[in-house]
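Our numbering numbers the first residue of the sequence shown as 128 and each following residue consecutively.
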Amino acid sequence: MEIKSVGVVGAGQMGNGIAHVLALAGYDVVMNDVSQENLNAAVSLIKRNIDRQVSRGKVEEDAAAEAMTRISTTLALPELGQTDLVIEAATERETVKIAIFEDLVPHLKPNTILTSNTSSISITRLASRTDRPEKFMGFHFMNPVPVMQLVELIRGIATDESTFKACLAVVEKLGKTAASAEDFPAFIVNRILMPMINEAVYTLYEGVGSVKSIDESLKLGANHPMGPLELADFIGLDTCLAIMNVLHDGLADTKYRPCPLLTKYVEAGWLGRKTQRGFYDYRGEVPVPTR
Ligand code: NAD
Numbered sequence: 128m129e130i131k132s133v134g135v136v137g138a139g140q141m142g143n144g145i146a147h148v149l150a151l152a153g154y155d156v157v158m159n160d161v162s163q164e165n166l167n168a169a170v171s172l173i174k175r176n177i178d179r180q181v182s183r184g185k186v187e188e189d190a191a192a193e194a195m196t197r198i199s200t201t202l203a204l205p206e207l208g209q210t211d212l213v214i215e216a217a218t219e220r221e222t223v224k225i226a227i228f229e230d231l232v233p234h235l236k237p238n239t240i241l242t243s244n245t246s247s248i249s250i251t252r253l254a255s256r257t258d259r260p261e262k263f264m265g266f267h268f269m270n271p272v273p274v275m276q277l278v279e280l281i282r283g284i285a286t287d288e289s290t291f292k293a294c295l296a297v298v299e300k301l302g303k304t305a306a307s308a309e310d311f312p313a314f315i316v317n318r319i320l321m322p323m324i325n326e327a328v329y330t331l332y333e334g335v336g337s338v339k340s341i342d343e344s345l346k347l348g349a350n351h352p353m354g355p356l357e358l359a360d361f362i363g364l365d366t367c368l369a370i371m372n373v374l375h376d377g378l379a380d381t382k383y384r385p386c387p388l389l390t391k392y393v394e395a396g397w398l399g400r401k402t403q404r405g406f407y408d409y410r411g412e413v414p415v416p417t418r
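Next comes the structure, spelled out in structure tokens:
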């Protein structure tokens, strides 16, 4: 089945990036969120980001204008029912995702493929709450979506081959590269990346280093393009904590215990760049370490 239209649930940092690349690749995109403000902000941000690509000569002006006409928004989830593929990119909380799929299912065309951009939650478990586990899989983009080359494709236990192939064709049309991962907690990238970020937070918590020295050490000493704490702020500390909890619960190994300091930042609402404060304070001209 050829995918022509895509519904994106959640217009946050991932949802807007996903809508951006899909529209540029020629898909009709309907974005849904519970907040009109977030939908408006996502469309303006997509416009700004596509305009930047035009000014850098990466996208033609006509293609940019056309892409923007392909994006529509709605507060009504059932409107996504007529699309060929749904990519759910709402908040990383299983109850939120299950409620979305349960609300959406009665409105879906029989052939619509359902996917989740979850960073860590079991695809098989999410699929079991729908009427089509064979047409359900993980479609995991990396952040920022327009820049990052990889998409992890995760089959649930029941995902059929035609669903996998249809999603692979979308990844290829986006000009990105797919990595196939098995459905175990946090898949491949975050299984490796999040324990490193969590360890960086422990290193801070135990006073081994400051925010600045930890980030500088990994940048200059391990050639990472961003320090782990800077990266955590970029991802969102709530998302990092949610992924560590999934690893801890799903693999039942204390080595995945979320650092209490990470929990404390999330409790404070210091979620990183998206709330202007995390391991750095972004409210001034330059980011200032908060510890
Ligand atoms: P975000 O907080 O920026 O955005 C989440 C959006 O979902 C918000 O706009 C919120 O209003 C919306 N939302 C919440 N409940 C909803 C509902 N019931 N219906 C519709 N919309 C709803 O989060 P994000 O960083 O964009 O993450 C979204 C998903 O993508 C998560 O599953 C996350 O694990 C995954 N992900 C995140 C990253 C990352 O680096 N941030 C990378 C890959 C995957």
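Beta carbons: idealized from backbone N, C-alpha and C, even for Gly. Computed from a predicted structure; not experimentally measured.
Residue i classed as buried or exposed, judged by whether at least 16 other C-beta atoms fall within 10 angstroms
i           : result
residue 381 : exposed
residue 395 : exposed
residue 215 : buried
residue 230 : exposed
residue 141 : buried
residue 217 : buried
residue 347 : exposed
residue 379 : exposed
Sub-8 angstroms separation of residue i and residue j beta-carbons
i           : j           : result
residue 268 : residue 254 : no
residue 385 : residue 368 : yes
residue 131 : residue 154 : yes
residue 240 : residue 304 : no
residue 366 : residue 219 : yes
residue 328 : residue 277 : no
residue 374 : residue 393 : no
residue 204 : residue 159 : yes
When the options are compared against residue i, the one with the closest alpha-carbon
i           : options               : result
residue 391 : 383, 377, 406 and 400 : 406
residue 152 : 353, 177, 182 and 368 : 177
residue 279 : 355, 374, 250 and 256 : 250
residue 271 : 411, 375 and 400      : 400
residue 156 : 129, 201 and 162      : 201
residue 247 : 283, 154, 328 and 134 : 283
residue 138 : 252, 163 and 363      : 163
residue 424 : 289, 143, 304 and 310 : Nothing about residue 424 can be reported from this structure: the residues present for the chain run from 128 to 418 only.
residue 323 : 411, 183 and 355      : 355
residue 134 : 375, 243 and 259      : 243
residue 335 : 418, 199, 158 and 179 : 418
residue 199 : 370, 136, 281 and 183 : 136
residue 129 : 300, 206, 285 and 187 : 300
residue 285 : 371, 325 and 257      : 257
residue 261 : 288, 350, 398 and 302 : 288
residue 197 : 183, 173 and 325      : 173
Residues bridged to residue i (per DSSP)
i           : result
residue 155 : 132
residue 71  : Only positions 128 to 418 of the chain appear in this structure, which leaves residue 71 out of reach.
residue 253 : The partner list for residue 253 (beta bridge, DSSP) is empty, contrary to what the question assumes.
residue 416 : 407
residue 278 : 268 and 305
residue 215 : 136 and 243
residue 201 : 159
residue 399 : 404
residue 263 : 241
For the stretch 203-213 against the stretch 226-239, do three or more pairs of beta-carbon atoms, one drawn from each stretch, fall closer than 8 angstroms, so that the two count as touching?
yes
Using 8 angstroms as the cut-off, can you tell me whether the stretch 309-320 makes contact with the stretch 164-181, which would need three or more C-beta pairs spanning the two stretches below that distance?
no
Can at least three beta-carbon pairs, one atom from the stretch 222-229 and one from the stretch 138-153, be found at a separation below 8 angstroms?
no
Quick test of the definition: if touching needs 3 or more C-beta pairs under 8 angstroms, does the stretch 328-346 touch the stretch 183-191?
no
Can you confirm whether the stretch 288-297 touches the stretch 317-328 when touching is taken to mean that 3 or more C-beta pairs between the two stretches lie within less than 8 angstroms?
Cβ pair count under 8 angstroms is below three, so no.
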